[in-house]
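Those letters in the sequence shown? Residues 370 to 894, by this note's numbering. Accompanying notes for the structure given below.
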Amino acid sequence: MVKAKSDNFQDIIGQMEKITDNSVQAIISKLPIVERYFSSPPGITYEEIVSNLQSFNEILNECKRVLEKTGTMWLFVDNLYLNGEIFPLPFIIAEKIQDTGFFLRNIVIWYNLNAPQFFGPFFNRCTYILFASKEKNYKFDKDPIREPHIWKDIEWGGGRRSRYNPKGKDPSNFWLKTESFKGKVLRHIPLSFEETVKRCILVSTSKGDKILDLFAENSCITKVATELGRIVIPCFSRVDYTTIESRYNNEKEWKEKKPQIMLDKKFSRVYFKSCEDMSEIPDECVQLIITSPPYWGLRDYGVNGQIGFNESYSTYLSRLQRVMLECHRVLRKEGSMWININKRIIQGNMILFPKDIIKIAREACFILKDIIIWHKPIYVPTTGPQNFTDRHEYVLFFTKARNGYFFNSSTLQTSDYIYDGSKGPENVWKIFRKIGNIGKEIEVLIDGKKLKHTAVFPEELVRRIILFCSERGDVVLDPFAGSGTTIAVAEALGRIGIGYELNPAYGWIIKRRLKNDTTLLQWIN
370 MVKAKSDNFQ
380 DIIGQMEKIT
390 DNSVQAIISK
400 LPIVERYFSS
410 PPGITYEEIV
420 SNLQSFNEIL
430 NECKRVLEKT
440 GTMWLFVDNL
450 YLNGEIFPLP
460 FIIAEKIQDT
470 GFFLRNIVIW
480 YNLNAPQFFG
490 PFFNRCTYIL
500 FASKEKNYKF
510 DKDPIREPHI
520 WKDIEWGGGR
530 RSRYNPKGKD
540 PSNFWLKTES
550 FKGKVLRHIP
560 LSFEETVKRC
570 ILVSTSKGDK
580 ILDLFAENSC
590 ITKVATELGR
600 IVIPCFSRVD
610 YTTIESRYNN
620 EKEWKEKKPQ
630 IMLDKKFSRV
640 YFKSCEDMSE
650 IPDECVQLII
660 TSPPYWGLRD
670 YGVNGQIGFN
680 ESYSTYLSRL
690 QRVMLECHRV
700 LRKEGSMWIN
710 INKRIIQGNM
720 ILFPKDIIKI
730 AREACFILKD
740 IIIWHKPIYV
750 PTTGPQNFTD
760 RHEYVLFFTK
770 ARNGYFFNSS
780 TLQTSDYIYD
790 GSKGPENVWK
800 IFRKIGNIGK
810 EIEVLIDGKK
820 LKHTAVFPEE
830 LVRRIILFCS
840 ERGDVVLDPF
850 AGSGTTIAVA
860 EALGRIGIGY
870 ELNPAYGWII
880 KRRLKNDTTL
890 LQWIN
């Protein structure tokens, strides 16, 4: 078996050192990190993985040196499953890209039928493509990869013509082709690796440009680039991948039955106070936690003591960690925690909130079991003309126990993209957001008064998680309850909802939702 070494990338670095400065227009490569770098004995820790990746910084420094000023880098990275948990390699590498001085422009999700499979309750369909540029201004052209608008041949006047580019749809950061007819999507068509590579090439280069492939022995990038009239500089690794053993097993790690434990007070309720102290809840009585924490530095919600406003980023994370510790205390051994969070661009810099949330959750002794990609078919362009539109968010799935957590896939069949070979629910969910987009304010009208509120996650997202990870009578907690979506859906499904919310102005609307209807639509101004 090949062992991890500190000089694991010297064979590649030696070849890169022969490349002239500022001579490559694009770097496109599929990183064999999982196979190459972590073929080490079982028991390696998250911290050891991060430490061992220090030598990868040398490759990134060489990448920055050889790229032209307008050059871009496209790295294909998969998550690593090891010792019963997910190690988020895409986010770890993304942070290293930023630390090297690159501008991290986007994280593209490729819906990949051949993605490596983890042994968990979800079928993995995700490969991450990290898109970065050397400078603020870079070569980028969306037109070659646009798809036709679904309305083009049936309703193409007035507002639609003025709003949409006649050359086709603005490509997004979720890569999956669609086949449409008369305004309706008939089916989704996964891209092959060759088609995905072609997209990267067409967007970032022109004929005659030079493309560097860091690990040319394991991909078709050279072939595709040559066919498109580009000049390829390949680097070849000396690692013998055939000697590396598989890390995946077929031992079922979850269970579909659990003991029942009930609270003394068998009714849903919300505490209007900070969730940094949830002393009202006894230890180990909550089966499921679903929440979306506030984003740092995004806006003022008009309440004293709010997390993330007018405080440093380190203070923000420290306060969230206190919430995590409380969540771990109240969660049952069979329980799970789901956090909806997205990356954000603040003052031109991408903040990798998911990576930092994963870090503080692990420090609170949670186990990351999967990262669900929430694909939003309807979206609002937010990233500017030199980027892809934002059409996905992340839902982080944590458990308290490495094995023996509760998960019941039989309660819900939810394959949003069904293909031969799928044996269970996938970790890519297509869910429409009916009310705004994350980070965008909506106005809730209560008794004639307007209350600003960041867009809530959709009820369908909450419903799926509740059906997967809890049973009737279980307690479902939302530490950042907002307008009460989690509490209302939990109540409607026969669970006990408990929420914490700092802003008492939401009290009336939560009460009405619990009494009459789960939906928030009737209060949108």
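The beta carbon of each residue, even a glycine, is placed where N, CA and C say it ideally should be.
Residues of its chain near Ser-541, where Cβ-Cβ distance is below 6 Å and the 5 sequence neighbours each way are ignored: The answer, listed in chain order, is Phe-757, Thr-758, Arg-760.
Under the three-state DSSP convention, the category Gly-808 falls into: For Gly-808, the pLDDT reaches just 41, beneath the cut-off of 50, and the residue's location in the model is therefore unreliable, although a value from the coordinates is still provided. Reduced to three states, the DSSP call for Gly-808 is coil.
Close Cβ partners of Lys-399 (< 7 Å) along its chain, the five nearest in sequence each way excluded: Phe-445, Phe-584, Asn-587, Ser-588, listed in sequence order.
Same chain, Cβ closer than 8 Å to Gly-773, five either side skipped, listed in chain order: Only Glu-622, Trp-623, Lys-624, Lys-702, Glu-703 meet the Cβ criterion.
Beta-carbon gap between Glu-645 and Arg-688 smaller than 8 Å: A Cβ-Cβ contact shorter than 8 Å links Glu-645 with Arg-688.
Check whether Phe-735 and Thr-780 have beta carbons under 8 Å apart: Between Phe-735 and Thr-780, the CB-CB gap reaches or exceeds 8 Å.
Reduced DSSP category for Gly-773 - H, G, I as helix; E, B as strand; rest coil: Three-state result, Gly-773: coil.
Coarse secondary structure for Ile-590, derived from DSSP in three states: Helix at Ile-590.
Buried versus exposed call for Ile-558 [16 or more other C-beta atoms within 10 Å across all chains shown]: It is exposed - the Cβ of Ile-558 has fewer than 16 other Cβ atoms within 10 Å.
Thr-389, buried or exposed, once every other Cβ within 10 Å from all chains shown has been counted against 16: It is exposed - the Cβ of Thr-389 has fewer than 16 other Cβ atoms within 10 Å.
Residues of its chain near Ser-502, where Cβ-Cβ distance is below 6 Å and the 5 sequence neighbours each way are ignored: Hits under 6 Å: Thr-441, Phe-472, Arg-474.
Cβ-Cβ separation, Pro-794 to Phe-488 (assumed contact under 8 Å), whole Å: Incorrect: roughly 14 Å between the Cβ atoms, too far for contact.
Continuous alpha helix (DSSP H) assignments of at least 4 residues falling wholly in the region 424-466: The alpha helix (DSSP H) runs lying completely inside the region 424-466 and spanning 4 residues or more are 425-435, given in chain order.
Distance CB(Ile-740)-CB(Ile-455) smaller than 8 Å: Yes, these two residues count as a Cβ contact at 8 Å.
Alpha helix (DSSP H) segment containing Phe-837, residue limits: It spans 828-838 - the alpha helix (DSSP H) in which Phe-837 sits, taken as one unbroken run.
Length-filtered (4 minimum) alpha helix (DSSP H) runs lying within the region 557-584: At a cut-off of 4 residues, the continuous stretches assigned as alpha helix (DSSP H) that sit fully inside the region 557-584 are 562-573.
Residues near Phe-849 in its chain [Cβ-Cβ closer than 6 Å; skip 5 each side]: Within the same chain, Phe-849 has close Cβ partners Thr-660, Pro-662.
Asn-430 to Val-845 span [Cα, whole Å]: Using only the alpha carbons, I get a separation of about 47 Å.
Residue interval of the alpha helix (DSSP H) (run including Phe-500): For Phe-500, there is no enclosing alpha helix (DSSP H); the enclosing beta strand (DSSP E) has its first and last residue at 495-502.
Same chain only: Cβ atoms within 6 Å of Arg-882, ignoring 5 sequence neighbours per side: Counting only Cβ-Cβ distances below 6 Å, and skipping sequence neighbours, we find Gly-853, Ala-857.
Residues near Thr-439 by beta carbon distance below 6 Å, same chain, minus five either side: Within the same chain, Thr-439 has close Cβ partners Tyr-507, Lys-508.
Leu-436 vs Ile-396 beta-carbon contact at 8 Å: Yes. Within cutoff.
Within-8 Å CB hit, Glu-622 to chain C: Among the chains of the structure shown, chain C does not appear; only one protein chain is present.
Through-space distance from Lys-745 to Val-764, alpha-carbon basis: Answer to the nearest angstrom: the Cα atoms are 13 Å apart.
Chain-order list of residues whose beta-carbon lies under 8 Å from that of Gly-790 (same chain, five-residue window excluded): Summary for Gly-790: the model assigns pLDDT 46, below 50, so the residue's position carries little reliability, and this model does not support an answer.
Any non-hydrogen atom of the ligand FAD closer than 7 Å to Leu-560 Cβ: Within the structure as shown, the ligand FAD is missing, as the structure has no ligands at all.
Buried versus exposed call for Phe-636 [16 or more other C-beta atoms within 10 Å across all chains shown]: With fewer than 16 other Cβ atoms within 10 Å, it is exposed.
Unbroken beta strand (DSSP E) run spanning Val-477, endpoints: Counting along the chain, the beta strand (DSSP E) containing Val-477 begins and ends at 472-480.
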